[in-house]
Structure formats: structure tokens, C-alpha cells
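In the numbering used here, the protein residues as written are 15 to 257.
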């Protein structure tokens, strides 16, 4: 039971980094290069954790074909939700116009879609190994920042701070709810832990490729994105030696 509370606490702390993204929207909304570096850093962390930790661990516990299937299923799961629901990519928040509030709602929906399975990924990882769970939680916490930045910019420009606070609370709570779902599944079917790890890797890679990379491209900062990407990968390699 103690492990469950630890997982929920970590997932809540990870989700609470959404506040940092909102604060940065106030100070960095005109500094595209910094945004691109942050996006690249987040992508580097998310992608390398998915391949070197989640998938690598799953491969030690399950046949390669099942790992590939679970990874593809996780990727396709979020892709289908992304296409079916009225969700715009994060880059579309740049169209500052009379539709700013509508865009913010759509971006918020997109973030919530991803936050829930990310909480699931966190719980599945902790259930297998605490070190793995901490690395996944760190990667998700870091990548929350540019996402919430994208959500906050239109609302900051239109001075809709109450609406922004509501979105931030919903986003922060989505990951703990996802973690609860992950805890329940891994408790009921512990044999599928490796499947859930590979599934979670697919989810995280989709978020990085489909949301963060296009965001950096739209900000005309692919060189800065590359710098952030290398910094993110390097930071992960350093952190992985500490845990």
C-alpha cells in the first residue's frame, strides 16, 4: 500500500510541473529559441527513456514480437484518439486571433489525452522498478513544461487567467488518475507488466514525435531543437548513472 501512495505522490508532483510551463508563457512568449531548446530537451528525454529503459526492460521479460506489438499498440492507441477527438496540435496555438480561447480549449483536450496514459506509464514503470519509475516520471515532468507553455500563451495574451488555472488543475490531476488506472491493471494482471511498459513506450514516443517536434518546427528553431535534443539525451545518460 505504501508503494501505491508513493506512485500517486510522484505522479502528482510530475503533473504539477504544468505550473512551470504556464509561468514561462508569461516571460518567454516572444523568445522562440528558448522554447525550441526546451522542446528538444523534452523530446530527447522522452525518446531515450522509451527505447533504452522501457523497451529494454520489457525485452528482458517478454518475447521480442510481443514487445514490438505492445509498442505499436501504444503508439496507435494515442494516434487513434488524437485523430478521432477534436484535438489540434500544439503548434496551432500560434494562430493568435479571435479564436484564441477556442484553440486553448482544444490544446487542453489534447494535453489531457496524453497526460492520462503518461500517468499509466509512470505507474507501470514504478511497479517493475523504482529507478525506472523515477526516470519515467522525470522525463514526463520535463516534457510537461513546453506543452503547458503552448496551452498558456493564448490565455495569457487574452488575460483569461481563471480559465488557465482551471486547465492547469485538470492537467495536473490527469496523471494521478492515469497512475491509479495503471496501478489497478498491474495489480490485477502482474504478468502483463512488460506488455504495459512497451505500450507506455509507444505512447511516449508518439507524444514526442507528434506534438513536440512539430512545435519546434513551427517556432522556426530546428537548430535550437537539435541542441536541446542532444542536451536532453546527455542529461538522461548522466541521470541514469546516478539512480
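Yeah, the Cβ is synthetic: ideal placement off N, Cα and C, and Gly gets one too.
Distance between residue j and residue i (C-alpha atoms, nearest Å)
i	j	result
residue 25	residue 236	30 Å
residue 177	residue 218	27 Å
residue 246	residue 198	32 Å
residue 60	residue 210	16 Å
residue 77	residue 70	12 Å
residue 255	residue 85	26 Å
residue 252	residue 137	23 Å
residue 97	residue 83	21 Å
residue 201	residue 91	22 Å
Residue i and residue j closer than 8 Å at C-beta
i	j	result
residue 32	residue 158	yes
residue 240	residue 52	no
residue 207	residue 150	no
residue 68	residue 212	yes
residue 135	residue 214	yes
residue 216	residue 87	yes
Cβ distance (whole Å) where residue i is taken to contact residue j below 8 Å
i	j	result
residue 58	residue 242	7 Å
residue 220	residue 89	5 Å
residue 156	residue 56	5 Å
residue 147	residue 139	4 Å
residue 182	residue 162	7 Å
Interface flag, residue i vs chain C, CB-CB below 8 Å
i	result
residue 241	As a matter of chain content, chain C is missing from the structure shown, which is built from one protein chain.
Looking at C-beta atoms only, is the number of pairs between the region 181-200 and the region 44-64 that lie closer than 8 Å three or more? no
Should the region 52-67 be regarded as contacting the region 192-203, the criterion being three or more beta carbon pairs within less than 8 Å? no
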